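Written below as structure tokens is the structure these notes are about.
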Amino acid sequence: MDLKNSTILITGGTSGIGLELVKQLTDLGSTIIVTGRKADALAETKKQFPNVFTFQSDVSKAIDIEQLYLDVTSQFPNLNIIINNAGLMRLIDLQDTSLDLENINVEIATNLTGTIQMVHQFLPHLLKQKSAGIVNVSSGIAFMSYSSAPVYSATKAGVRAYTQALRLQLEGTNVKVFEMIPPGVKTKLQDDWIKQPNDSMMMNADEMVKVAIKGLLADKKELKPFVISIIKLAARIFPNTLLNFGHREFKAIKKLQKEKLS
Ligand SMILES: NC(=O)c1ccc[n+]([C@@H]2O[C@H](COP(=O)([O-])OP(=O)(O)OC[C@H]3O[C@@H](n4cnc5c(N)ncnc54)[C@H](OP(=O)(O)O)[C@@H]3O)[C@@H](O)[C@H]2O)c1
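The number in the numbering used here is simply the position in the sequence shown, starting from 1, with 154 added.
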């Protein structure tokens, strides 16, 4: 993809991977539009990168997506790339009865339905551009469910499946479909977890985004660092070992929670 002359909409561009995308894509000369739920975070992003355009919009709300589409396509008719990056990752104990039916669905509404509805809303516009792209952000967890974040795991496997089907259906059109597949990355994603991920196993956001941009420039359909290829292979060869390795974390978290209560 030509990123220099592109107009790119990034959902959830006020923190972590999204904010790093803003930085690196701005450096390349792209026109950047950023969304997020929090007005103060959007204002901070605008302060840091005065050339970007910000819109307060919640991807988990269909009405926000419809309004975003009207606002963005009228102000930026050349919009040609959308990056569905906004996401939440919650630590969920499936035996926790305090989560009601609405609440248990929040990550699905954001990570999965949000991505699907964004694509559905913007696709007709993208199909009219000379060259266009859709980047959906999944995760290494799409290959191996992570028991501490069961709903998140389901959403990321869903994003991967949806993105593969979308790519096939758009074959032969002007819209290229990419899947960004980050491993663990140092961001605010798990800031409210009682146990933080092991820093030494996490990638820096700038490195992840460098890999993604290199892949986008070369039209690689999967934007992923080498460690994801290892996870993908391991998930095929010894899936249970990988699942149980991740599940050790859930057991450690439960123990911590118990200790805190006693
Ligand atoms: N960090 C990792 O280890 C990792 C690994 C694999 C995949 N990923 C994926 O990478 C993406 C970015 O995550 P991150 O790690 O950069 O997390 P982050 O630092 O927490 O950033 C998340 C961004 O999404 C926005 N957001 C959350 N809910 C939203 C909603 N309903 N509507 C619009 N914006 C929303 C947040 O802003 P507001 O709160 O203001 O809305 C924020 O800008 C996610 O899809 C995540 O699943 C991350």
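For glycine and all other residues, C-beta sits at the position ideal for the given N, C-alpha and C. Keep in mind it's a predicted model, so treat the numbers as computed, not measured.
Taking the alpha helix (DSSP H) that residue i belongs to, which residues open and close that run?
| i | result |
| --- | --- |
| Met-357 | First-last for Met-357: undefined, no H or E at that position. |
| Leu-179 | 170-182 |
Return the first residue and the last residue of the beta strand (DSSP E) that residue i is part of.
| i | result |
| --- | --- |
| Ile-384 | That residue, Ile-384, is in no beta strand (DSSP E); its alpha helix (DSSP H) goes 380-391. |
| Ala-286 | 286-291 |
| Thr-317 | No beta strand (DSSP E) holds Thr-317; the alpha helix (DSSP H) holding it covers 304-323. |
| Thr-161 | 161-164 |
| Ile-208 | Before going on, a small fix: residue 208 reads as Thr here, not Ile. First-last of the beta strand (DSSP E) with Thr-208: 207-210. |
With burial defined as no fewer than 16 other Cβ atoms inside 10 Å of the residue's Cβ, what is the status of residue i: buried or exposed?
| i | result |
| --- | --- |
| Gly-172 | buried |
| Ser-383 | exposed |
| Ala-406 | exposed |
| Gln-229 | exposed |
| Gly-326 | exposed |
| Glu-413 | exposed |
| Ile-246 | buried |
| Leu-377 | buried |
| Asn-265 | buried |
For residue i, which of the options has the nearest alpha-carbon?
| i | options | result |
| --- | --- | --- |
| Thr-395 | Trp-347, Ile-219, Met-298 and Lys-378 | Met-298 |
| Gln-345 | Leu-242, Ala-216 and Asp-181 | For the record, residue 345 in the displayed sequence is Asp; it is not Gln. That would be Leu-242, whose Cα lies nearest to the Cα of Asp-345. |
| Gln-323 | Val-273, Thr-309, Lys-215 and Leu-343 | Val-273 |
| Glu-220 | Tyr-300, Gly-268, Val-329 and Thr-161 | Gly-268 |
| Thr-341 | Thr-227, Asp-156, Thr-161 and Glu-174 | Glu-174 |
| Val-260 | Val-331, Lys-200, Leu-281 and Lys-215 | Lys-215 |
| Leu-248 | Thr-189, Tyr-306 and Leu-179 | Tyr-306 |
| Pro-278 | Tyr-223, Lys-414 and Asp-156 | Tyr-223 |
| Val-331 | Ala-303, Thr-180, Tyr-300 and Val-313 | Val-313 |
| Asp-218 | Glu-198, Ala-263, Arg-244 and Asn-234 | Ala-263 |
| Asn-232 | Leu-245, Glu-413 and Leu-163 | Leu-163 |
| Leu-281 | Asn-328, Ile-270 and Lys-310 | Asn-328 |
| Ser-302 | Met-362, Arg-244 and Val-188 | Arg-244 |
| Ile-270 | Asp-156, Val-381, Met-155 and Thr-165 | Thr-165 |
| Thr-168 | Glu-333, Thr-199, Gln-178 and Ile-348 | Thr-199 |
Looking at chain D, is there any beta carbon in it that lies within less than 8 Å of the beta carbon of residue i?
| i | result |
| --- | --- |
| Val-188 | The structure shown has no chain D; it contains just one protein chain. |
Task: Segment contact flag, the region 279-292 with the region 229-243, C-beta cutoff 8 Å, min 3 pairs - done: yes
Task: Three CB pairs or more closer than 8 Å across the region 198-218 and the region 383-391 - done: With a cut-off of 8 Å, the region 383-391 and the region 198-218 do not count as touching, because too few Cβ pairs lie within range.
- [ ] Report yes or no: do three or more beta-carbon pairs, one from the region 370-380 and one from the region 394-413, lie closer than 8 Å?
- [x] no
TODO: Would you be able to state if there are at least three C-beta pairs under 8 Å between the region 304-319 and the region 353-362?
DONE: no
Open item on the list: Between the region 331-339 and the region 293-300, can you find at least three pairs of beta-carbon atoms closer than 8 Å?
Closed with: yes
Task: Three CB pairs or more closer than 8 Å across the region 206-220 and the region 181-197 - done: yes
Task: Validate contact between the region 176-189 and the region 244-262 using beta carbons, cut 8 Å, 3 pairs - done: The region 176-189, when compared against the region 244-262, does not touch it at the 8 Å Cβ threshold.
Task: In chain order, each beta strand (DSSP E) run of at least 3 residues that lies wholly inside the region 220-288 - done: 233-238
Task: Minimum length 4: unbroken alpha helix (DSSP H) runs contained in the region 329-377 - done: 359-371
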